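Start counting the sequence shown at -14; every next residue gets the next number (our numbering). Ideal Cβ positions, reconstructed from N, Cα and C, are used throughout, including at glycine. Here the structure is a predicted model, which means the values were calculated and not measured. Heads up, the thing below is written out as structure tokens.
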Amino acid sequence: MIYSTTDNLANRGNGEKRLSVSSALDGQLMMEDPLLESFGKVERAKQEWEATVDALPELIFVVDDHGRIIRANRTIEDWGMGSVKDVMGLNLHALIHPVCAKPCYLERFLSLFQQTDGDGGNAITANVANVETYDTLLQRDIQMRGRPVHFKNDTAVNHWVVILHDISERKRMEQALQRQNGRLSAINAINQTILTARSPEEIAQATLANLQSLIPFQQAHILLRIPQKRELLVLAVVDDGNGRVLEPGQVLPRTDFTGQNDNSLEHFFMVQRLSALTVSSPIEERWRQQNIQSYINFPLIMGVNLIGSLQLATNSQPAFAPGHIAIVREIAQSLTIAINQSQLTRKLEQGNQELQELLRAKHEMMQNVSHDLRSPLALIKGYTELLQEGLFGSLTDEQQEALTVLDINGDQLFFLIDRLFKLQTIDKHTLEKTTFNLYAFLKQVEKSWQVLATNKSVHLDLDAPPELPELTADANMLNQTLFNLLDNALKYSPQGSAVTLGAVVEDDCVILSVADEGAGIPPDKLARLFDRFYQVEKGSVQAQKGAGIGLALCKAITEAHDGRIWAESAGAGAGSVFFVKLPLNPII
Ligand code: ADP
-14 MIYSTTDNLA
-4 NRGNGEKRLS
6 VSSALDGQLM
16 MEDPLLESFG
26 KVERAKQEWE
36 ATVDALPELI
46 FVVDDHGRII
56 RANRTIEDWG
66 MGSVKDVMGL
76 NLHALIHPVC
86 AKPCYLERFL
96 SLFQQTDGDG
106 GNAITANVAN
116 VETYDTLLQR
126 DIQMRGRPVH
136 FKNDTAVNHW
146 VVILHDISER
156 KRMEQALQRQ
166 NGRLSAINAI
176 NQTILTARSP
186 EEIAQATLAN
196 LQSLIPFQQA
206 HILLRIPQKR
216 ELLVLAVVDD
226 GNGRVLEPGQ
236 VLPRTDFTGQ
246 NDNSLEHFFM
256 VQRLSALTVS
266 SPIEERWRQQ
276 NIQSYINFPL
286 IMGVNLIGSL
296 QLATNSQPAF
306 APGHIAIVRE
316 IAQSLTIAIN
326 QSQLTRKLEQ
336 GNQELQELLR
346 AKHEMMQNVS
356 HDLRSPLALI
366 KGYTELLQEG
376 LFGSLTDEQQ
386 EALTVLDING
396 DQLFFLIDRL
406 FKLQTIDKHT
416 LEKTTFNLYA
426 FLKQVEKSWQ
436 VLATNKSVHL
446 DLDAPPELPE
456 LTADANMLNQ
466 TLFNLLDNAL
476 KYSPQGSAVT
486 LGAVVEDDCV
496 ILSVADEGAG
506 IPPDKLARLF
516 DRFYQVEKGS
526 VQAQKGAGIG
536 LALCKAITEA
546 HDGRIWAESA
556 GAGAGSVFFV
566 KLPLNPII
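What follows is the structure in structure tokens.
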């Protein structure tokens, strides 16, 4: 109920009946008198409104321009400021701040209502005050709002409503949220640093340096387990300037860290009082000598394997707050991942280096083998030619025939050695790329194959637009690819059929093609054609020369150019088309 120092009904002052509300609510009279009936309705509405205001959690006052309380709602009892009746007529400031260290926010707040328009006249009616503060006397965070009471047709305003709201809970939540946010952004910052650091040592050092700004501790270190040994490497150490027990780079036996209880590095544990330990590890002993009171151990575990440990030590009591432990636990997780990743990267880099060395050795060996094979072969070829020319006397027809077989097989061996060498050594880095006119290049290829095609009575054609763009590629290697494809096409083409060398541009690529109307390839064999030493019909006379290396070499050359090679055929006897797709503007 909002109590009033005056009774509105009694003070209407309009010369009409002066009746108390209680008597008006009783009996017949009210029913007979329309005025009283109206008063009754007003009174009921007023009671309803007062009940509503009483139920509000906010403390509500109506004060005059001297800050005296004219009305208050029942919430005042919940706030422990006495009963509603007790506070009538009291000064609001005196009620809330019986003992007050001036100047206080409340006085300033209330003084806002007393400002006038400057002529000593009316108060400024537009004053609306709002303040949020911690009130030391009320011992809670409050929000105080005040606004003038406007009466219809009444310009002189000298009453104000003051609403006091306890916002302690909201403030607590806000502060908790703020703390949480602060923690999260600090953890985030640490994670960022960890992720950008390269070596395990850098990662460990950055973690400890960042942790120092989040958690109070005297000494901290990060240890890395040395696989297959019962030893630990000290990755990083920080201290507060008053000494440390370890130095980065030190390697220590695991037993140096194993003390009393089951304090194993595999588990999280906290030693609350180092001085209370009956058995202590060498490190604990050294810590004790440096006045360290307690420490925590966070295992760094990847999957099921312990990769290291993070230890923080302090000389203050109580040791570490649960909030701090939660932060370190979270950071230890990121640290584990980062260290593990950097170890993997290191291994990968080492492996890569070894691989590069092996590749270089292989290349060298291939060069040597190729040279060693060619040299005696060149001698055989040379002497064969001399014999054929009759330098060592005239030869019978049979001898000539034998020398021809020797010569042809010598050529085939040369051919094979050359292909094998290229196949083994070709890769991105061995290409010698230039930019050339693709159409002119294809025209040249077509021209050089015309003689062989005519000899085989095969019609060779070039189907490519002269305005083909320039291509950046290793021209020799591309020539080798087309050589293999055209060689096969002619090899498997019957007399009178056609072979077409084609080129089309598609997006930023060119697709070269060699189509024939020959033997064709069964669809189930298409995918394996490009495997090394694969021949659809092994042992056939046609297949013998290349030994299944030609298409494998085409594939290696195309892929070294970041391109793709494939074949299409409707099956045996239906001819085949081989495609080579190359980027027009490759990354060099
Ligand atoms: P080789 O060097 O022995 O010719 P390739 O790698 O060039 O080997 O070809 C592999 C196999 O693919 C050949 O043995 C042949 O069976 C098949 N082949 C290649 N080109 C054609 C073609 N144009 N038509 C039919 N079969 C082909």
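Suppose the cutoff is 7 Å on Cβ atoms and the five residues either side in sequence are ignored; what does the same chain contact list for residue i look like?
i	result
residue 43	60, 148, 149 and 150
residue 507	556 and 557
residue 27	none
residue 513	519
residue 180	323
residue 93	none
residue 316	172, 175, 192 and 196
residue 494	566, 567, 568 and 569
Is residue i close to the ligand ADP? I mean its beta-carbon at under 8 Å from any heavy atom of the ligand.
i	result
residue 537	yes
residue 514	yes
residue 522	yes
residue 504	yes
residue 432	no
residue 533	yes
residue 563	yes
residue 407	no
residue 483	no
residue 379	no
residue 498	no
residue 501	yes
residue 441	no
residue 474	yes
residue 469	yes
residue 424	no
residue 575	Only positions -14 to 573 of the chain appear in this structure, which leaves residue 575 out of reach.
residue 368	no
residue 554	yes
Leaving aside the five residues before and after residue i along the sequence, list all residues of the same chain whose C-beta is less than 8 Å from its C-beta, in chain order.
i	result
residue 438	444, 445, 475 and 484
residue 538	404, 407, 408, 411, 465, 466 and 469
residue 134	47, 142, 144, 145 and 146
residue 395	362, 365, 366 and 369
residue 510	521
residue 399	359, 362 and 366
CB-CB under 6 Å to residue i, same chain, minus the five flanking residues each way: which ones, in chain order?
i	result
residue 543	550 and 565
residue 104	Bear in mind that a pLDDT of 49 at residue 104, under 50, signals an unreliable position, so the number given afterwards is only what the model happens to contain. Contacts found: none.
residue 436	none
residue 553	562
residue 536	514 and 515
residue 255	281
residue 75	54
residue 130	115 and 148
Below 8 Å on the Cβ atoms is my contact criterion, and I expect residue i with residue j to pass it. Report the Cβ-Cβ distance as a whole number of Å.
i	j	result
residue 266	residue 225	Not confirmed; about 22 Å, so no contact.
residue 58	residue 84	Not a contact, Cβ separation roughly 25 Å.
residue 428	residue 456	In fact, because the Cβ distance is near 13 Å, the residues do not count as touching under 8 Å.
residue 281	residue 325	Not a contact, Cβ separation roughly 22 Å.
residue 453	residue 430	Residue 453 to residue 430, Cβ: 13 Å. No contact.
residue 200	residue 312	7 Å
residue 505	residue 478	Actually they do not touch by this definition, with Cβ atoms about 11 Å apart.
residue 21	residue 81	Not really, about 40 Å apart at Cβ, beyond 8 Å.
residue 203	residue 310	Contact doesn't hold; Cβ gap of about 16 Å is too wide.
residue 285	residue 321	4 Å
Using a Cβ-Cβ distance cut-off of 9 Å, determine whether residue i contacts chain B.
i	result
residue 405	Among the chains of the structure shown, chain B does not appear; only one protein chain is present.
Just to confirm the assignment: which complete alpha helix (DSSP H) runs, minimum length 4, are found wholly within the stretch 487 to 572?
The qualifying runs are 526 to 529 and 535 to 545.
Counting only runs that start and end within the stretch 143 to 223, where is the beta strand (DSSP E) found for 3 or more residues in a row?
144 to 151 and 204 to 211
Which complete beta strand (DSSP E) runs does the stretch 332 to 362 hold, if anything under 3 residues is left out?
none
Ordered list of alpha helix (DSSP H) runs contained in the stretch 251 to 310, each at least 4 residues
267 to 274
Contained beta strand (DSSP E) runs [length at least 3] in the stretch 51 to 104, N- to C-terminal order:
Here the runs fully enclosed are 54 to 57.
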